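Participant: Numbers in the working numbering are just positions in the sequence shown, counted from 1, shifted up by 8.
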Amino acid sequence: MRKKMMSMKKWMALLLAAVLALSLAACGDSSQSEDKGLDVSDENVVEATWQDVFDDVQENEARALTNTYKVTGPIDKIESDCCVVGALYVYLPSDVLASIDTDETPEIMFIGKITDVSSAEGYYEGGAVIIEFGDAELIELH
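(1) Which residue or residues does DSSP assign as beta-bridge partners of V65?
(2) Can the beta-carbon of A136 be found less than 8 Å from the beta-carbon of A95?
(3) Going by C-alpha distance, which of Q59, C90, P101, V65 is nearest V79?
(4) Which residue marks the beginning of the alpha helix (DSSP H) containing L100, and which one marks its end?
(5) Cα separation between E140 and T110?
(6) When the Cα atoms are used, what is the spatial distance from N52 to V125?
(7) Figure out for me which residue from E115, V93, I122, P101 has the closest Cα to the Cα of V65.
Listed below in structure tokens is the structure:
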């Protein structure tokens, strides 16, 4: 009987030790991966005005297409599927666009990647560059 009791105590101690080790390992991994995710996104986001984005495209379009931009600027025009900020066409959900008060000419802050770069002939002398953010995420209107 005494041997059985000792054996059961050993198994219980081993089981508790295993559970404790697994719970510590799980907690340690999740906090490290969350920290790494935040650092990576912060390093890759380029804070810019519409003019900065335009200049990046002119300088090196291939690199600009890989960047994620956080852009702040005044809204020049609201169309049915996008708003225009300088040379940027920012595509947002129609309910968001419909809620923008055009009387105050608000500034927008959004985050996204460039999805297309094209030119429009006759827009300005020599044409104009149009930079599209096809899947932008609204951060703030002010």
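Ideal Cβ placement from N, Cα and C applies to all residues, glycine included. Keep in mind that this is a model prediction, so the values were computed, not measured.
Facilitator: The answer reads as follows:
(1) Along the sequence shown, read from residue 1 onward, the residue named residue 65 stands at position 57. According to DSSP, V65 shares a beta bridge with no other residue.
(2) For the purposes of this step, residue 136 is taken as residue 128 along the sequence shown, with counting starting at 1. For the purposes of this step, residue 95 is taken as residue 87 along the sequence shown, with counting starting at 1. For A136 and A95, yes; Cβs fall inside 8 Å.
(3) As a first step, residue 79 is located in the sequence shown; it is residue number 71 there, counting from the start. The shortest C-alpha separation from V79 is found at Q59.
(4) Start at 1 with the first residue of the sequence shown, and residue 100 comes out as number 92. Boundaries cannot be given for L100, as no alpha helix (DSSP H) includes it and DSSP labels it neither H nor E.
(5) Position 132 of the sequence shown, counted from the start, is the residue given in the question as residue 140. Position 102 of the sequence shown, counted from the start, is the residue given in the question as residue 110. Within the model, the alpha-carbon separation for E140 versus T110 is close to 21 Å.
(6) As a working mapping, residue 52 is identified with position 44 in the sequence shown. As a working mapping, residue 125 is identified with position 117 in the sequence shown. Roughly 20 Å separates the two Cα atoms.
(7) Locating residue 65 in the sequence shown gives position 57, counting from the first residue. Of the listed residues, the one whose Cα sits closest to V65 is I122.
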